[in-house]
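>
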Amino acid sequence: MQLISLRLLNYRRFKKEEIFFKEDFTLIFGKNGAGKSSIFDAIGFALFGPKGNNFIRENKETEKSFFIKDRSPSKIELIFQYGLKEYKIVRVIDAGVKKLGDNFIKEDKDILIGENLEIIGGDEITLEIEKIIGVSKDTFLKSVFTAQKDLEVLSGNLQERKNLINKILGLDKIENLIKKLKDEEKLKKTHLEIYNKKLENIDEDGLKNSQKEILLEKELIEDNLKTQKKDLDIFTKDFEKLKISYLDIDKKRISFLENSKEIEKLESNINIFLNDIESKKNELKAIGEKENYLKENEFLLKEEEKLEKSFLKLQNDFIIFQNLEKLEVELKSLLKEENILKLKQKDFDIGNILKNIEELKIKLQKKELEEKDIFLKNSEFKAQLDQITIEGKNIKDNLINIEKLSNQAHCPTCTQPLGGFSEKLIKKLKEDLEKTRENYQKVNIVFLKNEELKTIIQKEILEFKKLIEIEEKNQNEVLKNTLILENLEKNIINIKDKIKDIGEVNFDEKIFLNTKKELEEIKVKTKNYLKISGEVSKKEDLEKKLKENIESIGVFKNTINLKKDFIVKLDFKNDEFEEIKRNYFNQFETQKLKNEEILILEKQNSKKEFELKEIENKLNEIKDILKNIKDFIGELNILIVKQDVLKQYILYLLNYLKPYIEDLASNYFSLITNGKYLNISLDGEYNILIDGKKIGIYSGGEKDLANLCFRLALGQNLSTSKSNPINFLVLDEILASQDKERQQNIIFNLLKLKQKFSQILLVSHIEESKELVESLIEIKKINTDESRVFVY
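To convert, take the position in the sequence shown, counting from 1, and add 23; that gives our numbering.
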């Protein structure tokens, strides 16, 4: 596989860039933060979609840092060669999505892979790419990319080196599975301990003995219960017969009592009716006397009617007389109010008032214009004072800074070092500062005089406003009084007309009061007359009710006789009832006691059944625990076997892969060292050996190259299963921790690997590395948000 070109549009720091990759050893140089790793993240994104983002280094990307700040869609176009075919991938990223993920990919319809094969959709493209190059994203990354941290780990302690090798070869997944099986084994053993402790706390023989004892007790309780129930059945039959006798005689008792109460009630009703008959006879006698009174006083109603008519006429004259008096009093009051208002109006001249208001408003307007003019002038003076203050502060700050730094100070305008000119500049700044103060004082004097004048004018304006307010109040008072006078004149004319319409009224108050008194006296007599007349009208009802009461007494007496005959036929004897009742309730209590004894025996029986169930459950629990112990022992043996098999499988894979990796590493190392060293191997403790000797005895440069060759061999082992291997490398910041001599040595020797790899891309931020290569791609920041690519 070989990279041909990469086009970026609005991707991270790149607005619009196109990079052509040579079939050579190429340095990709840029300062930290310029966007070097973004180039490879774009390649990873093109090949593997969102899961390829942050390809080299694991940084959490957000939408904000993913796109150029104008937020238009991003586009990545990658062309690469695999075998004899070229492939082109285009991916478009929507800037409107808030998070990175599969959903933010929007593929163009012209995406081409291979020979005009069209595939739409991010997931489909990723699957097709993995199918073409024959490896997944993780395998591709381990095969192609080598970072400084990998080399540091290979030089580090045993456990870190072992973990890295296992991770690259994929053996860490098997070790994780072994650890998971180990944890499961530990959990199973914990369960076994719990079950064994449970068995220790349970006495199986004691439970079985208790079971036998409870069974014997239960059998005795059941025999007793059977006997008690049999006795209860015989007793219940006798009790039912006695119950029937008791219910029959109790029914007679209830009937006897009910009829006796009804006879008492009827006899009481007869007495009530007899008393009512006597009362009604007395009322009828009194009504006869009242009828005589009515005949003697029939004239009262006519006399009342006559007096009522005379009084109504006198009352009407009295009302007219009162109205006339009110009108005359009201007329006198209105005439007095009219004279007072006419005197007030003489004190005001409406013409002079209007003239004064007009003159005062003209003067007020002039003063307001003067105030506005002063305000505008002082606004300009205030702006001048603020500007002078800012200039003075800047001059003072520069003066303090230059005096403090002396010859080391820089010019405040051109930023050049002042050197010997600092004294002259200090003198000049002091003169400028003094001029600024003098100018401020001059402007401030004028400003303050204007403020004083403005205060005087504002007082005059307030005085004019008060005078206008007084004159306007006088004007309103005149207008108000004029309206009131007009209304008064209308009301006076109206009242005079009403008095004229009434004319003279002849009213004798003495006759009016005597007539009123006579009418009130006769009304009392007629009221009593009408009351007695109402009472007399009830005579017919009283006679009717008297007749009904006499008839009801006859019915009551017949009913009493019938009920007395019924009681005789009932033949109820209270002594006999009390005897049967006593026997019934005695046997009822006896039956209740027998039922309670049976209930106690049934509860005892249920308790024994519960105890037996508890023992049975515990015995079943013992069986379950024994079964679980047996199952767990079997599962534990299987887990142990699985762990042994996986450990043997790791050893098998290491033994299988180790010769191939050692052979690859040896070829690379022999090539780089021009045959000085022929063999790199790995011992049982994951130590790297050079020609059978531990790597620690060799120089730092030789160690670096040996570790690099071993790391390359590990990666290439993953990608050489196909006929067309991925034969390009990306080395990420492997020079970072090296001195200049070792950097030169590594680059010089890496150039020899061009026989094995068609493309080698070295990523570095070290400036000196630019001088050591012929092919260079440089990433430069042009501002805080954007970088450009330059190919040399």
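By construction, the Cβ of each residue, glycine as well, lies at the ideal position given by its N, Cα and C atoms.
What does DSSP give as the partner residues of residue 53 in its beta bridges?
BP columns for residue 53 point to 802.
> From what residue to what residue does the beta strand (DSSP E) around residue 170 run?
168–170 is the span of the beta strand (DSSP E), which, as asked, contains residue 170.
> In angstroms, rounded to a whole number, what distance separates the CA positions of residue 777 and residue 724?
Their Cα atoms are separated by approximately 20 Å.
> Does the contact criterion of 3 or more C-beta pairs under 8 Å hold for the segment 506–521 versus the segment 357–373?
Yes: the two stretches touch, three or more of their Cβ pairs being nearer than 8 Å.
> Let me confirm a value: residue 406 is counted as buried when at least 16 other C-beta atoms fall within 10 Å, else exposed. Which label applies?
Looking at its Cβ environment, which holds fewer than 16 other Cβ atoms inside 10 Å, residue 406 is exposed.
> Here's the rule: buried if 16 or more other CB atoms are within 10 angstroms of the residue's CB, otherwise exposed. What is residue 639?
Residue 639 is exposed by the Cβ-count criterion.
> Is residue 302 buried or exposed, if buried means 16 or more other CB atoms sit within 10 Å of its CB?
It counts as exposed.
> Reducing DSSP to helix, strand and coil, say where residue 691 ends up.
Residue state, collapsed to three classes: helix.
> Look up residue 220 in the DSSP assignment and say whether it is helix, strand or coil.
If DSSP states are grouped into helix, strand and coil, residue 220 belongs with the helices.
> Roughly how many angstroms separate the alpha carbons of residue 248 and residue 624, rounded to a whole number?
Their backbone Cα atoms lie some 6 Å apart in a straight line.
> Note down, in chain order, each residue of its chain lying with its Cβ closer than 8 Å to the Cβ of residue 219, except the 5 sequence neighbours on either side.
Taken in chain order, the residues that qualify are 652.
> State yes or no: is the C-beta of residue 160 within less than 7 Å of the C-beta of residue 71?
Yes, the Cβ-Cβ distance between residue 160 and residue 71 is below 7 Å.
> In this structure, what does DSSP give as the bridge partners for residue 796?
In DSSP, residue 796 forms no bridge with anything.
> Starting from residue 701 and walking both ways along the beta strand (DSSP E), at which residues does that stretch end?
Element bounds for residue 701: n/a, residue is neither H nor E.
> In this structure, how does DSSP classify residue 143 when only helix, strand and coil are distinguished?
Residue confidence for residue 143 is low, a pLDDT of 49 falling below 50, so the modelled location carries little weight; the figure read from the coordinates is stated next. It is coil, neither helix nor strand.
> Helix, strand or coil, according to DSSP, for residue 480 in the structure here?
Here residue 480 sits in helix by DSSP.
> If you draw a straight line from the alpha carbon of residue 793 to that of residue 203, how long is it in whole angstroms?
Their Cα atoms are separated by approximately 49 Å.
> Does residue 688 pass the burial test, meaning 16 or more other C-beta atoms within 10 Å, or should it be called exposed?
The residue in question, residue 688, is buried, as its Cβ has 16 or more Cβ neighbours within 10 Å.
> Suppose contacts are defined by Cβ-Cβ distances below 7 Å. Is residue 240 in contact with residue 631 by that definition?
The answer is yes: Cβ separation under 7 Å.
> Measuring only the C-alpha atoms, how far is residue 49 from residue 155?
Distance between the alpha carbons of residue 49 and residue 155: 26 Å.
> On the DSSP bridge assignment, give the partners of residue 752 in chain order.
Answer by DSSP bridge pairing, in chain order: 783.
> Hey, residue 56 and residue 802: beta-carbon distance below 7 Å or not?
The answer is no: Cβ separation not under 7 Å.
> Looking at residue 286 and residue 583, is the spacing between their C-beta atoms short of 7 Å?
In this structure, residue 286 lies closer than 7 Å to residue 583 by Cβ.
> Closest to residue 563 by CA distance: which of 59, 306, 324, 182 is it?
That would be 306, whose Cα lies nearest to the Cα of residue 563.
> Quick one, are the C-beta atoms of residue 621 and residue 234 less than 7 Å apart?
Cβ distance not < 7 Å, so residue 621 and residue 234 don't count as in contact.
> Does DSSP put residue 672 in a helix, in a strand, or in coil?
Helix.
> To the nearest whole angstrom, what separates the beta carbons of residue 488 and residue 350, a pair I think is in contact under 8 Å?
Between residue 350 and residue 488 the Cβ distance is about 49 Å, and since that is not below 8 Å, they are no contact.
> DSSP has residue 111 in a bridge; who is on the other side?
Partner(s): 102.
> With contact counted as at least three CB pairs below 8 Å, one residue from each stretch, are the segment 390–401 and the segment 466–485 in contact?
Touching, per the Cβ criterion.
> Rank 73, 589, 451, 402 by C-alpha distance to the C-alpha of residue 474 and give the top, closest one.
Residue 474 has its Cα closest to that of 402, out of 73, 589, 451, 402.
> Return the CA-CA distance between residue 811 and residue 788, expressed in angstroms with no decimal places.
For residue 811 and residue 788, the distance between alpha carbons rounds to 15 Å.
> Pick out the complete alpha helix (DSSP H) segments inside the segment 590–643, 4 residues or longer, and give them in chain order.
Taking only runs of at least 4 residues, no alpha helix (DSSP H) segment lies wholly in the segment 590–643.
> Specify the secondary structure class of residue 758 as computed by DSSP and reduced to three states.
Residue state, collapsed to three classes: coil.
> Please report the residue range of the beta strand (DSSP E) in which residue 41 lies.
From DSSP, the beta strand (DSSP E) with residue 41 extends over 37–43.
> Please confirm whether any heavy atom of the ligand ZN lies closer than 6 Å to the CB of residue 735.
No copy of the ligand ZN appears in this structure; indeed no ligand is present at all.
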